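Quick note: the sequence shown uses the working numbering, first residue 1190, plus one each step.
Where is the CB? At the ideal position from N, CA and C, for every residue including glycine.
Computed from a prediction, not measured in an experiment: that's the story for all the values here.
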Amino acid sequence: MDAPLQLALVGYGAAGRLFHAPLIEHTCGVALHTVVSSRGDDLRRQFTDVRICNTLEQALDDPRVDAVVIATPNALHAPMAAQALKAGKHVLVDKPFALDSAQARDLLKLAADRQRICTVFQNRRFDSDFLTLQALLADGLLGDVAECHVHFDRFRPQVRPRWREQDAPGSGLWYDLAPHLLDQMLVLFGLPSAITVDLDCQRGSGGVDYFHAVLHYPRMRAFLHAGSLVTAPGARYRVHGTAGSWLKHGQDVQEAQLNAGVAPGAPDWGLDPLHGEHCWVDGAGELRRRPVDTVRGDYRRIYRRFAEAIAGRGAPEVTPLQALQVMQLLDAGRLSAEQGRQVLL
């Protein structure tokens, strides 16, 4: 077996602490070698077998580090990823990949020039509900899709004092949640022909806390929605096609499990207790319904694919083209909201 890929995790805020560190520690083929954080003294008490650094430069100077995971505030993603690539390290960047598509192109060119893997942590490709929808579409149970509605709603009436909720470059829900949903639509349906987006600050302060996006395809529409003042959320997914519909309530359980301290890979890891519902009209014109078991989710798969790509056994989960296309959609969506019009792609 190959030796585990030695990773340096840069940033130990919510993303680094909640998602990346536990997933790395419980994924075969990767190991947490270094954590870069300004909270070095606290982390040295928490980690006994992990090197703790105060600066990215210290991590990059260590020849034992194979790859760098960037989990810093979004505005630092591109410059830190570029710094790591120039130091000869492979890079996994938390979403969004960069602040705009120009930065993304520069990063991808640099990675190609240095012959290094540079990809994006799109963990919600491995949400249980999304994996279930992929399986339903692959089996043709919904026919040709006409509408795909995806909601990522929350009730958070107070603006919290953290960078994600401020009015600053790379902050707000359009850069926090939209990259997940846009990436999912790219996986399912490819690049749309146009996008129309509405952005708002519903709470009156902070950054963007609401978006509604319409992705225009030749024979279908995808509707992506997120709000911060939703006390009674509806279905997470509503997908309608020529052969039937699929509805799914609730969200993937992995984030809640991580919050609760459940170790990735535990017996109930990624098992969603809420089933979806498949609806169709039978030959007699009667509406039929049946529950659909939800596929087990597993965010660790993106780290496995990262290690395999570095070892030369396939591509990373998110290809360079997909990373760039998400950034193009984010750019076009922002332009659409600013100008109040549909933007062609």
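Exclusion of the five residues before and after residue 1219 leaves 1193, 1194, 1196, 1213, 1492 and 1496 as the residues of its chain whose Cβ lies within less than 7 Å of its Cβ. In chain order, 1461 place their CB closer than 6 Å to the CB of residue 1442, counting only its own chain and leaving out the 5 sequence neighbours on each side. Checking the DSSP bridge columns, you'll see residue 1447 has no partner listed.
When the Cα atoms are used, residue 1404 and residue 1221 turn out to be separated by approximately 38 Å. Using a C-beta cut-off of 8 Å, the region 1400 to 1414 makes no contact with the region 1436 to 1455, since fewer than three inter-stretch Cβ pairs fall below that distance. Following the DSSP letters along the chain, one finds residue 1441 in no beta strand (DSSP E), marked with neither H nor E. For residue 1282, the CB contacts under 6 Å within the same chain, skipping 5 residues up- and downstream, are 1259, 1266, 1270 and 1309 in chain order.
DSSP places residue 1429 inside the beta strand (DSSP E), whose first and last residues are 1426 to 1430.
About 14 Å separates the beta carbon of residue 1505 from that of residue 1489, a gap too long to meet the 8 Å contact definition. Secondary structure note for residue 1391: it is in no beta strand (DSSP E), with a DSSP letter that is neither H nor E. Fully enclosed alpha helix (DSSP H) runs of no fewer than 4 residues occupy 1290 to 1303 and 1317 to 1327 of the region 1281 to 1348, in order along the chain. Relative to the Cα of residue 1314, the nearest Cα in the group 1525, 1237, 1486 and 1378 belongs to 1486. Taking 8 Å as the cut-off, the Cβ atoms of residue 1350 and residue 1418 do not count as close. Nearest C-alpha to residue 1339 among 1468, 1353, 1348 and 1377: 1377. The alpha-carbon separation between residue 1208 and residue 1240 amounts to approximately 19 Å. Residue nearest to residue 1215 within the set 1453, 1529, 1517 and 1467 is 1453 (criterion: CA-CA distance). Note on residue 1243: under 16 other CB atoms within 10 angstroms of its CB, so exposed under the neighbour-count rule.
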